[in-house]
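Since the structure comes first, as structure tokens, the remarks are kept for the end.
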Amino acid sequence: MEVGVAVAAALLALFVVLAVIVAVRAGRAVKRGVERTVADTRRTVEETSLRARRAVQPGPVGEIAALRLGLRESIDSTRRELEAAVPGDPGLRESLDLLNRLHDFGRQLDGELRQLEREPDKGRIADRLPEARRRAQRIRNSADSLRFAAQDRRRHSAGDDLEALSAQIEVEAGALRHWAPADEGAQGAQG
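Numbering (our numbering), first residue to last: 56 to 246.
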């Protein structure tokens, strides 16, 4: 009887521990999901605000918004391209690492541009804007170069695969066209 109670208590304790583990993991997963959603929402709101500033505000403020948007679009589209290609081509992992380093420079420049947006001194904005424009263009050119290279690599690989498949199909089609009826082949072997 005492053994039965001990086993039941041990099972109950095990179920409680498992329930706590499941609850903690579920809570963490929900927290990560909420944090990701908040970050995505914040980014969407900020990008919408930048688009509005670019369209509505003329001069340096609109140009700063356009620079920030251009940086984001270039880096994000390159990231999407590389992340889509890496599973099929692990050699692109290094390119993704380079993009991450480039993204760090982009974030730094984005922060500087954000500060320039709030700068009340128009002369200071005019002084710093040409250098920021050059840096933004260098970052965009680098990101675009990575994206174009990944696209070219993907197209080249698909072309090679198609050529190999076409060659195999031609060999098979040739083999199918050169048949000898079974009866003729058997008679030739006997005669």
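The beta-carbon is built from N, C-alpha and C at its ideal position, and this holds for glycine as well.
What you are looking at is a predicted structure, and each value in this text was computed from that prediction instead of being measured.
Quiz prompt | Complete alpha helix (DSSP H) runs within the region 178-240 (minimum length 4 residues, chain order) | solution = none
Quiz item: Span of the alpha helix (DSSP H) holding LEU154?
Solution: 148-173
Exercise. Pull up the CB-CB distance for ARG183 and SER129, whole angstroms please, since I reckon it's below 8 Å.
Key: So it is not a contact: roughly 21 Å between Cβ atoms.
Quiz item: Which residue comes first and which comes last in the alpha helix (DSSP H) that contains VAL100?
Solution: 57-111
Practice problem: Would you give the residue range spanned by the alpha helix (DSSP H) that PRO115 belongs to? | Solution: 115-140
Practice problem: Tell me whether the beta-carbon of ARG108 lies closer than 8 Å to the beta-carbon of ALA120. | Solution: yes
Self-check item: 8 Å contact criterion, which VAL116 and GLU172 should meet: CB distance rounded
Solution: 6 Å
Quiz prompt | Burial state of VAL201 (16 or more Cβ within 10 Å) | solution = Rather than Val, the amino acid found at residue 201 in this sequence is Leu. So LEU201 ends up on the buried side.
Quiz item: Between the Cα of SER104 and the Cα atoms of GLN163, ALA64, ARG169 and ARG134, which residue gives the shortest distance?
Solution: ARG169
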